[in-house]
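The letter at position 38 of the sequence shown is residue 24 when you use this note's numbering, and the numbering goes up by one with no holes. Read through the structure below, which is laid out as structure tokens, and then see the notes.
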Amino acid sequence: QSIGYGATYICHKKTTIAVINAGYADGYPRVLNDKTYCFINGKKNLIVGRVSMDSICIKVDTGDVKVGDDVVLWGKEIAIEDVARSAGTIGYELSCRAGGLLA
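Following this line, the structure appears as structure tokens:
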């Protein structure tokens, strides 16, 4: 099975994918497909597929992720500067572009 527009990520085995309602319309860089990670319940998870306008897909390897869990795209666990570097920009640009969902 493929994930995201253009089928840029292929699941070669049974995989659990979490989908969050944030995307490039909220200021998260579209270029970060398959290039960075986030944290859910303190655990590091890879962002997979293309970042869409209103959604981001996350590969979760743990069974303890549930609807309503907080997802950290940048913050205590992952510095905004690290995310920005992966996107080829600076942290200030990301913080200025971030909408309410990414605050």
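The C-beta atom is built at its ideal place from N, Cα and C for all residues, glycine as well.
Give a yes or no on whether the C-beta atoms belonging to residue i and residue j are separated by under 9 Å.
i: A11; j: V57; result: no
i: I64; j: K45; result: no
i: C43; j: I(-11); result: yes
i: Y(-5); j: G35; result: yes
i: S72; j: P15; result: yes
i: V37; j: G74; result: no
i: G13; j: G85; result: yes
i: N31; j: D20; result: no
Along the chain, where does the alpha helix (DSSP H) containing residue i start, and where does it finish?
i: A73; result: I66 to A73
In the DSSP assignment, find the beta strand (DSSP E) that holds residue i and state where it starts and stops.
i: L80; result: Counting along the chain, L80 falls outside any beta strand (DSSP E), though it belongs to the alpha helix (DSSP H) covering G77 to R83.
i: A4; result: T2 to I6
i: V17; result: That residue, V17, is in no beta strand (DSSP E); it is neither H nor E in DSSP.
i: C43; result: I42 to V46
For residue i and residue j, I'd like the C-alpha separation in whole angstroms.
i: G28; j: G(-8); result: 30 Å
i: K52; j: E67; result: 28 Å
i: I76; j: R83; result: 11 Å
i: Y78; j: N7; result: 23 Å
i: T1; j: S41; result: 18 Å
i: M39; j: G9; result: 5 Å
Any idea which residues DSSP pairs residue i with across the strands?
i: Y23; result: L32
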